[in-house]
Each structure stands twice: as structure tokens, then as C-alpha cells.
Amino acid sequence: MSNETLKAALEKKAVYGNDIDLNAYSDTDKNDLKSVEDLSQETRDRLEYVGIETGEAEEENRSASFVQLDNNAVEVKVKKQTPLELMSTGKAAEKYPELVEKYWWKAVKPDTDKYTAKTALEKEQGYFIRVRAGEKITTPLQACMCISHDQQLQHVHNVVIIEDGAELSIISGCTSAHEVESGMHIGISEMYIGKNAKLSFTMIHSWGENVIVRPRTVAMVEEGGQYISNYVSIEKAKDVQMYPTVHLNGKDAVARLNSILVAPEGSHLDIGGKVILNAEGCRAESITRTISTGGEVINRGCMTGTVEGIRAHLECDGLMLSNKGYIYAIPELDAQTGNAEMSHEAAVGRINPEEIEYLMARGMSEDDATATIVRGFLNVNIEGLPDSLAKKIEKTLDSFKYNKGM
């Protein structure tokens with residue numbers, strides 16, 4: 120695609136979400152941070168909070184590690200004898216021009232909106248991951264995107280290729296430095312899952328209170344392949360809009376999308392997900408649990424069945440814990456044939472006072488009773504998580520229930 124077309128697309132608003140002025144942020148490289156060790160202790164604690172391990176824990180629990188500060192990859196490590204490739208997309212583009220031709224900007228069109236166009240026009244940043252056919256990586260790879268300077272625009276283009284019969288789990292922890300008051304993150308991710316391959320992609324967000332976030336993710340899944348997406352965001356972010364899309368293109372391909380969202384006062388979340396089932400025997404499930412403690416949430420979900428013999432289920436549930444803010448649940452089912460099994464559930468409401476009274480009658484305080492109900496509401500069975508990360512998410516949710524929004 121020509122630069123002229125991309126420059127014209129810089130004026131193209133996204134279909135969903137508030138329109139953001141890209142000129143309000145700087146993407147000039149500061150280049151003053153060369154490693155994670157250059158970050159403050161408070162910021163390194165934030166990295167740990169979003170699932171990024173360091174030191175001995177990293178050695179024990181991670182197969183590889185990629186860290187990008189602003190627009191610079193400062194850490195690219197693969198454990199010895201681990202059969203995967205990891206490098207920046209810039210280096211991968213130089214090393215594998217044939218892969219650029221086959222995969223780069225094929226799942227996500229670069230002129231989709233101003234955010235994709237901006238990323239396509241800039242120097243390649245982000246990670247390239249490839250797992251060769253038949254290789255099964257049992258220990259997760261971790262990838263961290265961190266905004267480390269105020270008013271920074273971080274643009275990322277990730278390309279993940281899981282070849283036939285291969286397996287990988289990715290933990291993507293995204294955050295901003297403790298000192299950052301505002302910034303913007305644009306993350307373009309293209310995922311390619313081969314025949315009978317499996318990718319588990321877990322994204323944990325903990326951005327600053329005035330950070331704008333615009334992920335753009337598309338996954339292409341072939342016959343018998345599995346794509347599992349887990350998204351957790353329970354801290355305040357000013358404005359997040361994302362609508363990941365999965366194309367199930369081969370027979371018996373599977374997609375599962377799980378999201379846990381908390382919107383504190385002052386945050387605006389326009390979160391969704393779409394699965395397009397294009398082959399017989401494909402199955403898809405999307406489950407979202409949303410809590411507003413004063414924030415604004417638009418929860419979109421869409422399942423599109425283009426052929427017969429597919430199954431899809433969609434759940435969009437929200438819980439209001441404040442008189443401020445709102446939750447809009449917008450589920451969509453699009454069955455384009457007569458023999459498609461598709462269903463959805465959507466509910467938004469408040470805690471039933473009788474449930475609180477029931478628990479209080481058994482000795483709980485009102486706060487503990489409320490916390491117990493909230494904890495149960497958020498208890499989504501997220502498949503594919505390593506035990507260490509599952510425990511970390513549990514700890515994070517426990518922290519929320521005792522300290523946030525009650």
C-alpha cells in the first residue's frame with residue numbers, strides 16, 4: 120500500500136470509540152532507557168503486576184522475554200534450547216522478506232483507521248514470534264509493552280506465527296511507568312495459527328490514569344487450530360477501545376475469548392470481540408464480565424456464522440457498583456445459514472440486596488458480603504493459564520475486592 124494512501128488514512132476515524140488527536144502525543148525516541156533495570160522500582164513493580172517476571176522467576180517460569188520501552192526493544196531473550204524464534208518485527212522484516220510478503224499487514228489492513236495507518240507509516244516496532252511446525256512450548260513467553268515517558272506515543276506491530284501442530288502461550292503485560300501521567304499506546308497484532316496448532320494469548324493491562332489505548336488484533340485460525348484470548352483490566356485507564364477479531368477458516372477450528380473488566384470512575388472502556396466462523400465444525404465462545412465503579416463501559420460482542428454446522432455462544436454480563444457511570448451490553452448474532460447453532464446471554468444490573476442480607480445473616484460484614492459476591496461474579500474460568508499467572512490474577516482480583524470501589 121502506498122504512503123499516499125496511508126497518509127490519507129491518518130484522517131480516517133475508527134468505527135468505534137472516541138476519536139483521538141494523534142498530534143497530541145510525541146513518538147520521538149528518547150533512547151535514555153536501555154534495559155528494565157533503568158526503570159524505577161515502582162515501575163518494575165508495575166511490570167510484575169501485569170505478569171512480567173524478572174530474575175530467577177523469569178528463568179524458572181518463562182521460555183522467552185521481550186520488553187519494549189516506548190518504541191525501543193530493550194530486551195529480547197530466548198532460553199537455551201527453546202525451539203522458537205523471537206526478535207523485533209523490524210529485524211524480522213530484514214531477515215525474512217518472504218514472510219513479510221506472506222504475513223505482514225495481511226490480517227490487519229494498514230488503512231483500517233488512523234491508528235493502523237500511523238503504525239504502518241512508522242519504523243517497524245513490536246515483536247515477531249514464530250514456533251516451527253510440531254514444536255510445543257510448555258513454558259509461556261512473556262512480552263511487555265511499557266510507556267516510559269510522559270506524552271509518549273507508543274506504536275507496536277506484532278506478528279505471531281504458530282505453524283502446523285505447534286503450541287505456545289504468550290503473556291502480554293502492558294503498562295506505563297509510575298512517573299507517566301499521560302500517553303498513548305497503539306498495538307497492532309496479527310496472529311496466524313496453523314492446522315492443529317494452539318495459541319493462548321493472555322493480555323493484562325495496567326495503564327496510567329490518563330493513558331489512551333488502541334489495540335488492533337486479528338487472528339487467523341486454520342483447520343483444527345485453537346486460539347484462546349484472555350484479557351484482564353481492573354485498573355483505571357482514561358480511554359480504551361479494542362475489538363479483536365478472529366477468523367476461523369478451517370474445519371473444526373476453535374476460538375475462546377474471555378475478558379474481566381473493571382471501570383473505575385473517570386475511565387471509558389469500549390471493549391468488544393468478534394468471531395467469524397467460516398468452516399464446518401467451528402466453535403466459538405466469548406465470555407465477558409464487567410464491573411463499573413463509576414466508569415463508562417460499552418461491551419460489544421459479535422458471532423458471525425457463514426456456513427452450516429457451527430456453534431457459537433456469547434455472554435456479556437455487567438455489574439454496577441456505583442450510581443455514576445454506565446454499562447452498555449451489545450451482543451450480536453449473525454447466522455448466514457439455516458443450520459447454525461448460536462446463542463447469547465446479556466445482563467446488566469446491581470447486586471441483589473437479598474444476597475447481601477443472606478451472607479450477613481451468616482456472620483459476614485456488609486463489605487465482606489459485597490466483596491464475596493463481586494469476587495464470584497468475576498470468577499471466569501480462564502483456560503490455558505499457567506498456574507503462576509492464574510495465582511497472580513487471583514491475587515490481583517483479591518486486591519481489588521478489598522481495596523477498590525466498595
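Under my numbering, think of the first position of the sequence shown as 120, with each following residue one higher.
Here a beta-carbon is modelled for each residue, glycine too, at the ideal position from N, C-alpha and C.
Does residue i come out as helix, strand or coil in the three-state DSSP assignment?
i: Gln187; result: strand
i: Ile492; result: helix
i: Gly292; result: strand
i: Asn180; result: helix
i: Asn315; result: coil
i: Lys523; result: In this prediction, Lys523 scores a pLDDT of 43, lower than 50, which makes its location untrustworthy; the coordinate-derived value is nonetheless stated afterwards. In this structure, Lys523 counts as coil in the three-state DSSP scheme.
i: Val155; result: helix
i: Met479; result: helix
i: Thr235; result: helix
i: Asn377; result: strand
i: Asn329; result: strand
i: Thr208; result: helix
i: Pro334; result: strand
i: Glu341; result: coil
i: Asp486; result: helix
i: Gly174; result: helix
Going by DSSP, what residue range makes up the alpha helix (DSSP H) through residue i?
i: Pro216; result: 216-222
i: Tyr447; result: From DSSP, Tyr447 is part of no alpha helix (DSSP H) but of the beta strand (DSSP E) over 445-454.
i: Tyr350; result: First-last for Tyr350: 345-352, but that is the beta strand (DSSP E), not the alpha helix (DSSP H).
i: Asp140; result: First-last for Asp140: undefined, no H or E at that position.
i: Asn277; result: First-last for Asn277: 271-281, but that is the beta strand (DSSP E), not the alpha helix (DSSP H).
i: Tyr168; result: 160-168
i: Leu125; result: 122-128
How would you call residue i, buried or exposed, if buried means at least 16 neighbouring beta carbons within 10 angstroms?
i: Asn418; result: buried
i: Asp389; result: buried
i: Gly468; result: exposed
i: Gln455; result: exposed
i: Ile307; result: buried
i: Val221; result: It should be pointed out that residue 221 corresponds to Lys in this sequence rather than to Val. With fewer than 16 other Cβ atoms within 10 Å, it is exposed.
i: Ala316; result: buried
i: Ile449; result: exposed
i: Tyr234; result: buried
i: Asp157; result: exposed
i: Asp140; result: exposed
i: Asn122; result: exposed
i: Gly457; result: exposed
i: Met439; result: buried
i: Gln261; result: buried
i: Glu464; result: exposed
Assuming residue i and residue j make a contact with CB atoms under 8 Å, what is their CB distance in whole Å?
i: Ile410; j: Val332; result: Actually they do not touch by this definition, with Cβ atoms about 18 Å apart.
i: Leu125; j: Ala252; result: Rounded, the Cβ-Cβ distance is 34 Å, inconsistent with contact.
i: Val186; j: Val155; result: 6 Å
i: Val340; j: His366; result: 7 Å
i: Thr364; j: His276; result: Rounded, the Cβ-Cβ distance is 16 Å, inconsistent with contact.
Assuming residue i is part of the beta strand (DSSP E), what are its boundary residues?
i: Gln360; result: 358-361
i: Gly468; result: 459-468
i: Asn442; result: Unbroken run through Asn442: none, as it is neither H nor E.
i: Arg419; result: 415-424
i: Glu427; result: Premise fails: Glu427 is in no beta strand (DSSP E) and is neither H nor E.
Assess, as a yes-or-no matter, whether the region 372-387 is touched by the region 141-151 under the definition of 3 or more beta carbon pairs within less than 8 Å. no
Determine, using beta-carbon pairs with one atom in the region 393-402 and one in the region 429-441, whether at least three such pairs fall under 8 Å. yes
Can at least three beta-carbon pairs, one atom from the region 173-186 and one from the region 332-344, be found at a separation below 8 Å? no
How about the region 293-303 and the region 259-268: do they share at least three Cβ pairs that are nearer than 8 Å? yes
Counting pairs of Cβ atoms below 8 Å between the region 162-169 and the region 239-254, do you hit three or more? no
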